[in-house]
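So the sequence lines, in the order shown, correspond to chains A and B.
Letter by letter, the first sequence follows residues 41 to 180 in my numbering.
Letter by letter, the second sequence follows residues 2 to 115 in my numbering.
We treat Cβ as the ideally placed atom computed from N, Cα and C, and that holds for glycine.
It should be emphasised that the depicted structure is a prediction, and the values quoted were computed from it without experimental measurement.
What follows is a set of notes on a single structure, which appears directly below.
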Amino acid sequence: MPNERVTRSFAAKLGQVPGVLEFVISEASSRGLSPQRLMHLELSVEEAAVNTCRYAYPQGEGTLEVSVWEEAGHIMVELADAGVAFDPLAKADPDLDQPLENRPVGGLGIHLIRRVTDGVDYRRTGDRNVLTLAFNKERR
Amino acid sequence: MELNVKQEHGCAVVAVKDRLDTLTVWDFEQKVNGLIGEGSRRFVLDFSGLDYISSAGLRSILALAKKVKGQGGGVALFGLKGLVKEIFAVSGFDTVLPIFEDEAPAIQSFGNAQ
């Protein structure tokens with residue numbers, strides 16, 4: 041039933057990212073997210089999942105737990121890992137007024153996540169990083 | 002991702018199809034670095050067949066632009082649509098990189114052809 045929360049575990053490796061995307065797209069689609077928003081979802085989950093795969097487990101292997109559910113007219117996606125404490129939202133937004141030469145490269149992924157989602161939340165609970173993305177089903 | 006390259010009036014016109022994301026960006030960089038090695042400095046990116054771009058893709062285009070600008074070249078893009086067009090606007094990249102509707106004005110933007 042689309043009303044329940046589904047969770048799947050993935051190895052936190054870049055090669056697993058397509059599987060993560062396929063999972064969230066399928067679950068969000070069956071819960072009624074529009075094709076346009078599905079692309080926003082894909083983009084933001086890619087950014088977040090790649091960050092985890094790159095930085096969460098410097099000592100080697102670990103898992104990324106991905107959950108999808110519906111809540112108050114929003115499709116919610118949660119990405120959780122047991123890696124090193126890392127708040128992706130702590131990076132400052134890139135300065136968009138800078139000319140090409142001065143444009144810094146960092147912060148772009150987070151900026152995109154903020155713009156294409158209807159809410160981003162990060163919390164560190166116990167020894168886990170938990171990032172939650174919200175997508176308003178009404179927004180196109 | 003599919004890449005097709007043609008030389009046109011002194012520009013390397015690179016058509017990028019499908020996705021430019023974390024997993025495909027390496028091939029794109031290999032291709033353009035190879036073209037730079039062969040002497041290309043003016044790049045026209047044909048995005049008319051591109052459906053999806055993530056920050057990894059944006060970063061690689063920015064890196065290309067910075068590299069060739071310092072050597073008298075540049076990067077122009079055309080054919081952006083859908084999510085790709087939206088992402089360029091949202092990221093502000095549409096204000097630092099010249100974007101055109103079609104190939105001809107993109108090539109002409111480099112001035113006198115070689």
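- Less than 9 Å separates the beta-carbon of leucine 4 of chain B from that of lysine 18 of chain B.
- Interface flag for isoleucine 88 of chain B against chain A is set, since a Cβ pair is found closer than 9 Å.
- Counting only Cβ-Cβ distances below 9 Å, serine 55 of chain B has contacts in chain A at Glu82, Leu83, Glu86, Glu87, Val90, Gly149, Leu152, in chain order.
- Interface annotation, leucine 173 of chain A: not in contact with chain B, CB-CB separation never under 9 Å.
- Put simply, the segment 95-106 of chain B touches the segment 65-84 of chain B. At least three CB pairs are less than 8 Å apart.
- At a cut-off of 9 Å between beta-carbon atoms, methionine 116 of chain A makes no contact with chain B.
- Between the beta-carbon of glutamate 110 of chain A and that of valine 170 of chain A there is about 18 Å, and that puts the pair past the 8 Å contact cut.
- Under the three-state reduction of DSSP, aspartate 95 of chain B is assigned to helix.
- Rounded to the nearest whole angstrom, the CA to CA distance from arginine 164 of chain A to glycine 11 of chain B is 53 Å.
- By the Cβ rule, the segment 80-87 of chain A does not count as touching the segment 39-50 of chain B, because fewer than three pairs are nearer than 8 Å.
- For chain B, the residues of the segment 49-68 of chain A that bring a beta carbon within less than 9 Å of one of its beta carbons are Leu54, Gly55, Val57, Pro58, in chain order.
- In this structure, the alpha-carbon of glutamate 101 of chain A lies about 7 Å from that of alanine 52 of chain A.
- In chain order, Leu59 place their CB closer than 7 Å to the CB of serine 92 of chain B, counting only its own chain and leaving out the 5 sequence neighbours on each side.
- Under the Cβ criterion of 9 Å, arginine 60 of chain B is counted among the residues facing chain A.
- Lysine 177 of chain A sits in coil when the DSSP states are folded into three classes, being neither helix nor strand.
- Any Cβ of chain B closer than 9 Å to the Cβ of valine 156 of chain A would place that residue at the interface, and such an atom is present.
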